[in-house]
Structures are given as structure tokens and as C-alpha cells.
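Numbering (UniProt numbering), first residue to last: 1 to 211. One structure is given below, encoded as C-alpha cells.
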Amino acid sequence: MPSPHSLNSVQAFLGNLPVESVREDLEVEDVPQNDEGLRLMAADANWSGVLLLAERLGAEADADTIQGLACKLRYTLVQVTAYFSMQRYAAAKKLVDAVGDLNSDRFTDPVTKESIVPFSLRFISALLPSYCGSAVETQCRLYVLLEECQKHAGVAVSPLRKARVKRIQRALVVSYYQTEKYADAIRLSEEMIAAERYDDGDYEGADFRVF
């Protein structure tokens, strides 16, 4: 059986999976050639198998339609996750770079006008340069993503959007400390604390009476 850590990893990225359904030493040809197969191999910590199957499934998606392109991007995220699990950061960055500019209009839904790129893929793509020795590039990418998330959060505030903003801010604080930009780290930390106090004030002043 896989370790609890392996099972937690796949549940975080690929959904819940009953422990009793997990098998040992699974290969690509042993599992369904679909998302369920990805879940089974990830739970078994067969990341090379996850990588291969996700590549196959992504190749089958029709990139000429917005739905097919969104499907390809989801499988790209699975491949990047597999590379991370194997600590193959350069390969993960190469894969993401091959996709192109994730902020391109190509990845914008013509109906909703929103990006079809999974947030996790955009977040990981921002972190990847620091794993390959370029922390400054990571900070630049994180700021671009932060600005976009803050813009959307200002239009339609939701717990999910707020959580994304905080996630990016925390990553920036860590990156600043790693590059010894302590003043920037402290400034951003103080901004986050001030925002938390503002949110608390909103709740304290809110009228929750039911009419």
C-alpha cells in the first residue's frame, strides 16, 4: 500500500480516493485510460505513470475548441504535479514554457471573458523559476498574478478569490526572505495584517439580523 503522504498528495490534486481501492505497483496499462487511472497511479505514487497517462490524455484533447484547450491545460497541470513530485523542476518549467504565455487571449473564454487556465497551473508556473535559480523572475510572475487576482477580487469578493490572493502574498513573502529582501517582506506582511483587520472590522460592523 502507498504511504499516507502519497495518498494525501493525490487527494490534494486529483480528488478523494478510498484507501481500500488503492493497489500497489500499478503500471499505465493496468489502469483505466482516464482520470480514474490518474488517481489510482498517483495514490500509488507512480508519478512516472501519471506523467505518461496525462500526456496521452492531453494529446487526445482537441485544442481547436475552448473546451478541448481547457482539458489540455488540466492535463498539463497533472504533468507538472508529477514532475514536482519527482523533483524534476527543470522539466516542469520546460513543459509550462512550451504552453506559452498563460496570460494570452488564447486562453480566455470568449463567453465569460475569464481565463481557462487553472489557477494552480498559473501559481506553479510562477514558482518554477525560483526552483531553477531565478527568484527574481518568480517574484515578477507572482506580482502579475497577484494584480489580476486582486482586480477580480475587487469586482466579486469571494472566499476563494481572497484565499488565492493570500496564497500569492505568502509566496511572495517567502521569496523575499529567501532573497534577503527583508524590507519588502515586512512591508507585504504588514499589508496582509492590515487587510485581515479590515476584514474583521467588516464582520464586526455587519448587521446579521434576519428580517
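The C-beta atom is built at its ideal place from N, Cα and C for all residues, glycine as well.
Spatial neighbours of Q33 within its chain, please: C-beta separation below 8 Å, excluding the five flanking residues on both sides. For the purposes of this step, residue 33 is identified with residue 33 of the sequence shown, where counting begins at 1. The residues are L53, R56, L57.
Considering just the uninterrupted stretch of the alpha helix (DSSP H) at A163, what are its terminal residues? Here residue 163 refers to the residue found at position 163 of the sequence shown. Where A163 is concerned, the enclosing alpha helix (DSSP H) stretches over 159-178.
To the nearest angstrom, report how far apart W47 and A82 are at their CA atoms. Taking the sequence shown and counting its residues from 1, one reaches residue 47 at position 47. Taking the sequence shown and counting its residues from 1, one reaches residue 82 at position 82. Each residue's Cα considered, the two are about 5 Å apart.
Using CA atoms only, rank isn't needed, just tell me which of Y182, D101, V31, E196 is closest to V144. By one-based count along the sequence shown, residue 144 stands at place 144. Nearest C-alpha to V144: D101.
Grab the span of the alpha helix (DSSP H) containing G71 for me, first residue to last. Locating residue 71 in the sequence shown gives position 71, where the first residue counts as 1. Note on identity: in this sequence residue 71 is Cys, with Gly being the wrong assignment. Element bounds for C71: 66-85.
May I ask which residues mark the beginning and end of the alpha helix (DSSP H) holding G100? By one-based count along the sequence shown, residue 100 stands at place 100. Element bounds for G100: n/a, residue is neither H nor E.
C-alpha gap between D128 and M86, whole angstroms: By one-based count along the sequence shown, residue 128 stands at place 128. By one-based count along the sequence shown, residue 86 stands at place 86. Residue identity check: residue 128 is Leu in the sequence provided, not Asp. So the alpha carbons of these two residues sit roughly 14 Å apart.
Whole runs of the alpha helix (DSSP H) within the segment 117-152, excluding any shorter than 4 residues: The qualifying runs are 119-131.
With C-beta atoms as the reference, is T76 less than 9 Å away from L40? The residue labelled residue 76 in the question sits at position 76 within the sequence shown. The residue labelled residue 40 in the question sits at position 40 within the sequence shown. Contact: no.
Own chain residues within Cβ distance below 7 Å of A195, not counting five before or after: Within the sequence shown, residue 195 is the residue found at index 195, counting from 1. Correct list: empty, nothing qualifies.
Counting C-beta neighbours from all protein chains within 10 Å, is the total for C140 16 or more, i.e. buried, or is it exposed? Counted from its first residue, the sequence shown places residue 140 at position 140. Residue burial is scored here from C-beta neighbours: C140 has fewer than 16 other C-beta atoms within 10 angstroms and is therefore classed as exposed.
Using only the alpha-carbon positions, how far apart do A59 and K181 sit? Taking the first residue of the sequence shown as 1, we reach residue 59 at position 59. Taking the first residue of the sequence shown as 1, we reach residue 181 at position 181. Whole-angstrom Cα-Cα distance: 42 Å.
Hey, Q150 and V165 are a contact pair by Cβ (cut 8 Å); roughly how many whole angstroms apart? By one-based count along the sequence shown, residue 150 stands at place 150. By one-based count along the sequence shown, residue 165 stands at place 165. Correct: roughly 6 Å between the Cβ atoms.
What residue range is occupied by the uninterrupted alpha helix (DSSP H) comprising R106? Here residue 106 corresponds to residue number 106 of the sequence shown, with the count starting at 1. Unbroken run through R106: none, as it is neither H nor E.
So, under 8 Å CB-CB, A92 and V80 are touching, yes? Tell me the CB distance rounded to an integer number of Å. Here residue 92 refers to the residue found at position 92 when the sequence shown is read from its first residue. Here residue 80 refers to the residue found at position 80 when the sequence shown is read from its first residue. At roughly 5 Å, the Cβ-Cβ gap stays under 8 Å, so A92 and V80 are in contact.
With a CB to CB cut of under 7 Å and the five nearest residues on each side skipped, what residues in its chain are close to A126? As a working mapping, residue 126 is identified with position 126 in the sequence shown. Taken in chain order, the residues that qualify are T138, R141, L142, L145.
Considering only their Cβ atoms, is the gap separating F84 from I116 smaller than 9 Å? The count along the sequence shown starts at 1 and reaches residue 116 at position 116. The count along the sequence shown starts at 1 and reaches residue 84 at position 84. Judged by their CB atoms, I116 and F84 are not nearer to each other than the 9 Å cut-off.
Using the C-alpha atoms, what's the distance from H152 back to I161? Locating residue 161 in the sequence shown gives position 161, counting from the first residue. Locating residue 152 in the sequence shown gives position 152, counting from the first residue. The question names Ile, but residue 161 is Arg in the sequence shown. When rounded, the separation of the alpha-carbon atoms in R161 and H152 is 8 Å.
Quick check: the Cα distance between V27 and V96, rounded to an integer number of angstroms? Translated into positions along the sequence shown, residue 27 becomes position 27. Translated into positions along the sequence shown, residue 96 becomes position 96. The identity of residue 27 in the sequence shown is Glu, whereas the question assumes Val. If you take the alpha carbons of E27 and V96, they lie about 25 Å apart.
Contact under 9 Å by Cβ, L69 with F107: As a first step, residue 69 is located in the sequence shown; it is residue number 69 there, counting from the start. As a first step, residue 107 is located in the sequence shown; it is residue number 107 there, counting from the start. Yes, they are a contact pair.
Outcome for I168 when other beta-carbon atoms lying within 10 angstroms are tallied against a minimum of 16: Position 168 of the sequence shown, counting from 1, holds the residue named residue 168. Classification for I168: buried.
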